[in-house]
């Protein structure tokens with residue numbers, strides 16, 4: 042792969058496997074996602090979708106194979122460097138949102154900006170909150186906002202530092218139709234605007250056909 | 016956003032737990048700080064008041080009682096001693112300075128001490144106003160006395176019989192204030208000082224005037240216990256004869272002719288034990304003859320010093336070597352007791368120290384409870400915050416930053432408790448000092464830093480940090496992928 046090609050590839054996972062004890066959890070030959078591309082990783086529950094997401098985020102180390110993000114082989118990074126790389130280049134949205142209860146909506150978003158080691162830009166925070174219709178609750182703590190608002194705060198937290206790769210784990214599974222569609226649109230539009238790669242791991246069939254490409258994981262035997 | 020700000024924000028999640036942890040740490044800290052302040056200042060005050068006094072002569076009895084009464088004016092004296100006997104030791108070549116004290120009266124709770132001007136030298140006391148006494152019934156007020164009672168130069172007052180309030184007063188002979196001392200921060204601040212003659216005169220007068228009361232007066236009639244268990248008896252005894260075990264005194268009649276130019280003295284009818292030679296010597300012509308009357312000219316009232324008594328004598332050695340021989344010689348003679356303040360203070364502080372150590376142990380239990388509470392609070396919150404910690408790692412926080420955040424939470428809790436506790440400890444000490452100043456005239460400070468206090472507070476901070484280590488290490492080691500997968 043040439044350097045130019047490498048720069049255009051956001052995610053490149055080759056011969057990836059993960060075992061937990063003697064149990065084979067995941068086995069894929071090759072997954073490649075270009076920058077600006079959105080991919081839905083589909084499959085039934087227990088097929089290793091979340092494990093794949095964690096391997097791509099560097100939260101798990103593969104048993105075999107290699108994960109390269111934006112040309113960086115994750116295996117070559119020290120734990121602290123991997124944490125910093127993840128914070129700076131990746132944005133993550135989880136099924137359970139895990140907003141920090143002690144912080145306000147605004148502070149939750151600012152925190153992500155700080156941990157990404159990007160320059161503090163209050164105007165960017167305010168603009169994003171406005172874009173996601175969260176300005177009215179910016180001073181509230183997560184306990185005081187609705188589930189839909191909380192979902193958008195989690196997305197704002199994942200987008201504030203303009204990551205090059207956006208990973209979402211079951212972002213729509215707990216939402217009704219309109220809300221699921223809205224969240225998916227937000228993620229897709231944000232990724233398109235910043236030219237980021239978007240990988241959505243889900244078993245939600247409503248996502249099928251909504252993104253550029255689908256990657257199917259099979260139920261392991 | 017710094018780990019500190021995040022840690023502080025986390026502490027607001029469970030305000031009740033946070034407040035409880037802070038209060039526990041504060042109570043433990045306050046207790047230890049208070050004990051440290053009280054212990055160190057008490058030792059300082061005691062050492063300061065005894066500075067320059069190497070030995071105290073007094074009546075046989077408890078040496079601690081003698082030191083407390085003669086040096087600190089905080090107890091009743093064990094009795095009186097013949098001045099002639101005391102003078103022998105004052106004149107000893109090994110003695111540099113001997114200051115006799117005569118106690119027995121007080122004024123509104125402040126003790127009146129008959130002494131010589133050398134007493135002022137012991138404490139570096141000088142008159143801020145007026146002068147030192149020069150004649151009987153002239154009084155110089157310690158700095159606290161003047162400030163408390165609002166007496167000024169030229170004012171007169173009547174001393175009250177006994178060392179505490181409530182005795183009968185010597186209204187017939189009033190003291191006149193001729194001076195007020197500048198503050199010294201010593202026991203001298205809370206005394207009314209006068210000449211020895213003033214005290215002697217008054218008690219001769221008193222013995223006469225209160226003749227009728229003596230039947231019911233323990234001080235004069237009661238059996239005096241050698242160990243001075245009866246504080247009241249001792250109180251009254253201070254101006255009496257240094258009575259021994261079986262001495263019974265009845266109606267001591269004195270007619271002091273200061274006013275009538277004739278002194279009719281009806282002396283003690285006493286039954287004396289053989290051991291009190293000094294006492295017998297002092298009164299040998301009186302004991303057998305109840306109602307024996309003497310007429311004295313006014314000018315002769317104090318001429319014969321043979322029967323004069325003092326309560327104690329403060330002695331300073333010319334050379335430290337005297338400490339090896341002198342106390343033993345005096346005590347071996349039997350008539351007097353010699354007690355070294357340094358030794359008795361040390362014994363007393365040792366006794367007090369046992370109590371303080373017990374209280375300190377209790378305070379440390381409180382600190383331990385606070386540390387455990389901080390540990391339990393942080394560890395318990397970890398479970399509820401596992402998801403948040405995992406997300407922080409996903410957002411770019413390193414393991415070290417999570418560890419730091421939890422450590423900061425523990426240290427901040429401890430620091431708040433320590434700060435509050437230190438303020439509380441010093442605040443209570445200030446109240447205590449104000450009460451002691453008003454009630455006892457003892458000058459302590461609530462806001463002075465006790466020696467060892469700073470290392471103690473830092474040590475307590477380390478205890479807080481220690482209590483956070485296990486939760487912090489748990490945060491450091493969280494399995495992010497597993498937590499996120501479990502949801």
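Protein chains in written order, with this note's numbering: chain A, 42 to 262; chain B, 16 to 502.
All C-beta atoms in this analysis are idealised placements derived from N, C-alpha and C, irrespective of residue type, glycine included.
1) Name the residue from B:382, B:216, B:52 and B:80 whose alpha carbon lies nearest to the alpha carbon of residue 469 (chain B).
2) Taking the alpha carbon of residue 54 (chain A) as the point to measure from, which residue in A:63, A:189, A:94 and A:60 has its own alpha carbon closest?
3) Could you pull the DSSP bridge partners for residue 367 (chain B) from this structure?
4) Considering only the alpha carbon of each residue, which of A:247, A:91, A:257 and A:202 lies closest to residue 168 (chain A)?
5) In the structure shown, what three-state DSSP assignment does residue 58 (chain A) receive?
6) Just how far apart, CA to CA, sit residue 491 (chain B) and residue 393 (chain B)?
7) Using beta carbons (cut-off 7 Å, strictly below), is residue 36 (chain B) in contact with chain A?
8) Quick one, which of A:49, A:80, A:73 and A:148 has its alpha-carbon nearest residue 251 (chain A)'s?
9) Exposed or buried, which one is residue 135 (chain A) when buried takes at least 16 other CB atoms within 10 Å?
10) Who are the neighbours of residue 424 (chain B) on chain A, taking C-beta pairs under 7 Å?
11) Ends of the alpha helix (DSSP H) at residue 161 (chain B)?
12) Do you know whose CA, among A:102, A:159 and A:190, lies nearest residue 170 (chain A)'s CA?
13) Counting only C-beta atoms, is residue 185 (chain A) closer than 7 Å to chain B at any point?
14) Among the residues of its own chain, which have a CB less than 7 Å from the CB of residue 178 (chain A), if the five just before and after it don't count?
15) Is it a yes or a no for the stretch 62-72 of chain A touching the stretch 219-236 of chain A, going by three-plus beta-carbon pairs under 8 Å?
16) According to DSSP, is residue 97 (chain B) helix, strand or coil?
17) Output yes if chain B places a C-beta closer than 7 Å to the C-beta of residue 139 (chain A); else output no.
18) Determine, using beta carbons only, whether residue 404 (chain B) and residue 417 (chain B) come nearer to each other than 7 Å.
19) Given a cut-off of 7 Å, decide if residue 75 (chain A) and residue 49 (chain A) are closer than it, judged by their beta-carbon atoms.
20) Name the DSSP beta bridge partners of residue 331 (chain B), please?
21) What alpha helix (DSSP H) runs, 4 residues minimum, are completely inside the stretch 81-162 of chain A?
22) Name the chain D residues that come within less than 7 Å of residue 495 (chain B), Cβ to Cβ?
23) Could you spell out the range, first to last residue, of the beta strand (DSSP E) harbouring residue 255 (chain A)?
24) For the alpha helix (DSSP H) containing residue 223 (chain A), list its first residue and its last residue.
25) Which residues in chain B have a C-beta closer than 7 Å to the C-beta of residue 59 (chain A)? List them in chain order.
26) Counting only Cβ-Cβ distances shorter than 8 Å, please list the residues of the stretch 119-130 of chain A near chain B, keeping chain order.
27) Ends of the alpha helix (DSSP H) at residue 498 (chain B)?
28) Compare the beta carbon distance of residue 189 (chain B) and residue 203 (chain B) with 7 Å and say whether it is the shorter of the two.
29) Please classify residue 262 (chain B): is it buried, with 16 or more other beta-carbons within 10 angstroms of its beta-carbon, or exposed?
30) Going by other Cβ atoms of all chains shown within 10 Å of its Cβ, with 16 needed for buried, is residue 251 (chain B) buried or exposed?
31) Which word fits residue 34 (chain B), buried or exposed, when buried means at least 16 other C-beta atoms lie within 10 angstroms of its C-beta?
32) According to a CB-to-CB cut-off of less than 8 Å, which residues of the stretch 150-176 of chain A neighbour chain B?
33) Where do the N-terminal and C-terminal ends of the beta strand (DSSP E) with residue 64 (chain A) fall, by residue?
34) Whose CA, out of B:119, B:196 and B:458, lies closest to the CA of residue 214 (chain B)?
35) Any idea what DSSP makes of residue 80 (chain B), helix, strand or coil?
36) Using C-beta distances below 8 Å, list every residue in its chain close to residue 22 (chain B), excluding the 5 sequence neighbours before and after it, in chain order.
Considering the structure as presented:
1) In the second chain, residue 469 (chain B) corresponds to position 454, counting from 1. Ranking B:382, B:216, B:52 and B:80 by Cα distance to residue 469 (chain B) puts B:52 first.
2) For the purposes of this step, residue 54 (chain A) is identified with residue 13 of the first chain, where counting begins at 1. The option with the nearest alpha carbon to residue 54 (chain A) is A:94.
3) The sequence position of residue 367 (chain B) within the second chain is 352, counting from 1. According to DSSP, which records beta bridges pairwise, residue 367 (chain B) is partnered with nothing at all.
4) The residue given as residue 168 (chain A) occupies position 127 in the first chain. Nearest option by C-alpha distance: A:202.
5) In the first chain, the residue the question calls residue 58 (chain A) occupies position 17. Three-state result, residue 58 (chain A): strand.
6) Counting from one through the second chain, the residue named residue 491 (chain B) turns up at place 476. Counting from one through the second chain, the residue named residue 393 (chain B) turns up at place 378. Going from the Cα of residue 491 (chain B) to the Cα of residue 393 (chain B) covers about 13 Å.
7) Numbered from its first residue, the second chain carries residue 36 (chain B) at position 21. For residue 36 (chain B), not one C-beta of chain A is nearer than 7 Å to its own C-beta.
8) For this step, residue 251 (chain A) is matched to residue 210 along the first chain. If we check each option's Cα against that of residue 251 (chain A), A:80 comes out closest.
9) As a working note, residue 135 (chain A) is residue 94 in the first chain. With 16 or more Cβ atoms within 10 Å of its Cβ, residue 135 (chain A) is classed as buried.
10) Start at 1 with the first residue of the second chain, and residue 424 (chain B) comes out as number 409. Those within 7 Å of residue 424 (chain B) in chain A number zero; the least Cβ separation is about 11 Å.
11) Your numbering for residue 161 (chain B) matches position 146 in the second chain. Where residue 161 (chain B) is concerned, the enclosing alpha helix (DSSP H) stretches over 158-164.
12) To locate residue 170 (chain A), count along the first chain from 1; it is residue 129. It is A:190 whose Cα lies nearest to the Cα of residue 170 (chain A).
13) The residue labelled residue 185 (chain A) in the question sits at position 144 within the first chain. Chain B, which has no Cβ nearer than 7 Å to the Cβ of residue 185 (chain A), makes this no.
14) Numbered from 1 along the first chain, position 137 holds the residue referred to as residue 178 (chain A). Excluding positions up to five away in sequence, the list reads 146, 186 and 190.
15) Three or more beta-carbon pairs separated by less than 8 Å are not found between the stretch 62-72 of chain A and the stretch 219-236 of chain A, which leaves the two stretches without contact.
16) Residue mapping note: residue 97 (chain B) aligns to position 82 of the second chain, counting from 1. The answer is strand: DSSP assigns residue 97 (chain B) an E or B state.
17) Within the first chain, numbered from 1, the residue matching residue 139 (chain A) stands at position 98. Chain B, which has a Cβ nearer than 7 Å to the Cβ of residue 139 (chain A), makes this yes.
18) Working through the second chain from its first residue, we reach residue 404 (chain B) at position 389. Working through the second chain from its first residue, we reach residue 417 (chain B) at position 402. Yes, they are a contact pair.
19) The residue labelled residue 49 (chain A) in the question sits at position 8 within the first chain. The residue labelled residue 75 (chain A) in the question sits at position 34 within the first chain. Cβ atoms of residue 49 (chain A) and residue 75 (chain A): closer than 7 Å.
20) Here residue 331 (chain B) refers to the residue found at position 316 when the second chain is read from its first residue. DSSP lists B:112 as partners of residue 331 (chain B).
21) 90-97, 120-130 and 146-156
22) Chain labels in this structure do not include chain D; the protein chains are A and B.
23) Here the question's residue 255 (chain A) lines up with position 214 in the first chain. Note, residue 255 (chain A): beta strand (DSSP E), 254-257.
24) Taking the first residue of the first chain as 1, we reach residue 223 (chain A) at position 182. Here the alpha helix (DSSP H) through residue 223 (chain A) covers 218-235.
25) Your numbering for residue 59 (chain A) matches position 18 in the first chain. Proximity of chain B to residue 59 (chain A) at the Cβ level (cut-off 7 Å) is not reached, the minimal Cβ distance being about 10 Å.
26) 120, 121, 124, 125, 127, 128 and 129
27) Residue mapping note: residue 498 (chain B) aligns to position 483 of the second chain, counting from 1. It spans 495-501 - the alpha helix (DSSP H) in which residue 498 (chain B) sits, taken as one unbroken run.
28) Translated into the one-based positions of the second chain, residue 189 (chain B) becomes position 174. Translated into the one-based positions of the second chain, residue 203 (chain B) becomes position 188. Not in contact: residue 189 (chain B) and residue 203 (chain B) (Cβ atoms no closer than 7 Å).
29) By 1-based counting over the second chain, the position of residue 262 (chain B) is 247. Residue placement at residue 262 (chain B) is flagged as unreliable, the pLDDT there being 36, under the threshold of 50; the coordinate-derived value follows with that caveat. Buried, because 16 or more other Cβ atoms sit within 10 Å of the Cβ of residue 262 (chain B).
30) Counting from one through the second chain, the residue named residue 251 (chain B) turns up at place 236. With a pLDDT of 40 at residue 251 (chain B), under the threshold of 50, the modelled position of this residue cannot be trusted; read the value that follows with caution. It is buried - the Cβ of residue 251 (chain B) has at least 16 other Cβ atoms within 10 Å.
31) For the purposes of this step, residue 34 (chain B) is taken as the residue at position 19 of the second chain. Looking at its Cβ environment, which holds fewer than 16 other Cβ atoms inside 10 Å, residue 34 (chain B) is exposed.
32) 151, 152, 153, 155, 156, 157 and 158
33) To locate residue 64 (chain A), count along the first chain from 1; it is residue 23. Counting along the chain, the beta strand (DSSP E) containing residue 64 (chain A) begins and ends at 64-75.
34) Taking the first residue of the second chain as position 1, residue 214 (chain B) is located at position 199. The residue with the shortest Cα to Cα distance from residue 214 (chain B) is B:119.
35) One-based indexing of the second chain puts residue 80 (chain B) at position 65. Of the three classes helix, strand and coil, the one that applies to residue 80 (chain B) here is helix, per DSSP.
36) Here residue 22 (chain B) refers to the residue found at position 7 of the second chain. So the qualifying residues of the chain are 420, 421, 423, 424 and 427.
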